[in-house]
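In the numbering used here, the protein residues as written are 15 to 187.
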């Protein structure tokens with residue numbers, strides 16, 4: 015019993031005299047975040063899906079210390095109101111862009127990761143999300159940004175060679 019008391023006294027003394035643990039500095043936004051920051055603002059969108067056209071808007075804003083691009087989309091889809099939220103960042107640990115998408119048509123998120131080709135001004139992401147049948151499905155998105163005011167977005171589902179839908183974004187002036 016004397017050994018247990020002695021051990022506890024030594025452990026307590028060690029804790030009291032040890033230097034406090036240094037809090038790890040969170041990663042600072044880098045040049046990869048500047049790619050996302052360029053998207054900040056309000057955009058009009060035209061979505062083409064199943065031969066039908068739908069109009070809407072999306073607003074992007076850098077938040078959480080400039081580390082995350084937060085998007086809020088509002089449109090109409092198949093005659094019903096449709097809304098979605100996105101979170102995108104550059105994960106410095108993975109050395110990849112990562113994104114999460116949730117919308118009013120599902121209770122499961124889509125998660126994607128990928129890269130940005132500076133020469134082609136194109137972000138390509140791939141990942142998983144709920145399919146139209148509710149089962150997990152593979153997705154690939156390609157966002158071409160020919161200028162600061164235009165985005166051509168294509169979403170591929172499964173092994174599809176043609177996009178399941180496309181969206182053209184135009185920055186509001």
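The C-beta atom is built at its ideal place from N, Cα and C for all residues, glycine as well.
What does DSSP give as the partner residue(s) for residue i in the beta ladder?
{"i": "residue 88", "result": "71, 97"}
{"i": "residue 169", "result": "155, 179"}
{"i": "residue 1", "result": "Since the first residue of the chain shown is 15 and the last is 187, residue 1 is not available in this structure."}
{"i": "residue 83", "result": "76, 102"}
{"i": "residue 184", "result": "58, 164"}
Would DSSP call residue i helix, strand or coil?
{"i": "residue 7", "result": "No information on residue 7 is available, as it lies outside the stretch 15 to 187 that the chain covers here."}
{"i": "residue 51", "result": "helix"}
{"i": "residue 110", "result": "strand"}
{"i": "residue 126", "result": "strand"}
{"i": "residue 146", "result": "coil"}
{"i": "residue 59", "result": "strand"}
{"i": "residue 119", "result": "coil"}
{"i": "residue 162", "result": "coil"}
{"i": "residue 29", "result": "Reliability fails at residue 29, whose pLDDT of 47 lies under 50, so the model's placement of it is uncertain and the value that follows must be treated cautiously. Correct three-state label for residue 29: helix."}
Return yes when the Cβ of residue j is within less than 8 Å of the Cβ of residue i, no when it is not.
{"i": "residue 139", "j": "residue 155", "result": "yes"}
{"i": "residue 70", "j": "residue 89", "result": "yes"}
{"i": "residue 54", "j": "residue 76", "result": "yes"}
{"i": "residue 136", "j": "residue 142", "result": "no"}
{"i": "residue 106", "j": "residue 40", "result": "no"}
{"i": "residue 177", "j": "residue 168", "result": "yes"}
{"i": "residue 87", "j": "residue 63", "result": "no"}
{"i": "residue 56", "j": "residue 186", "result": "yes"}
{"i": "residue 162", "j": "residue 51", "result": "no"}
{"i": "residue 108", "j": "residue 85", "result": "no"}
Examine the ligand PLP and report whether any of its heavy atoms sits within less than 7 Å of the Cβ of residue i.
{"i": "residue 115", "result": "This structure lacks the ligand PLP; in fact it carries no ligand of any kind."}
Name the residue from the options whose alpha carbon lies nearest to the alpha carbon of residue i.
{"i": "residue 43", "options": "92, 142, 148, 81", "result": "81"}
{"i": "residue 78", "options": "65, 95, 101, 60", "result": "101"}
{"i": "residue 188", "options": "39, 38, 41, 49", "result": "The shown model of the chain, from 15 to 187, leaves out residue 188, and the question about it has no answer."}
{"i": "residue 148", "options": "124, 162, 164", "result": "124"}
{"i": "residue 179", "options": "170, 57, 157", "result": "170"}
{"i": "residue 111", "options": "144, 127, 99", "result": "127"}
{"i": "residue 117", "options": "58, 134, 172, 95", "result": "95"}
{"i": "residue 144", "options": "162, 164, 119", "result": "119"}
{"i": "residue 60", "options": "186, 185, 181", "result": "181"}
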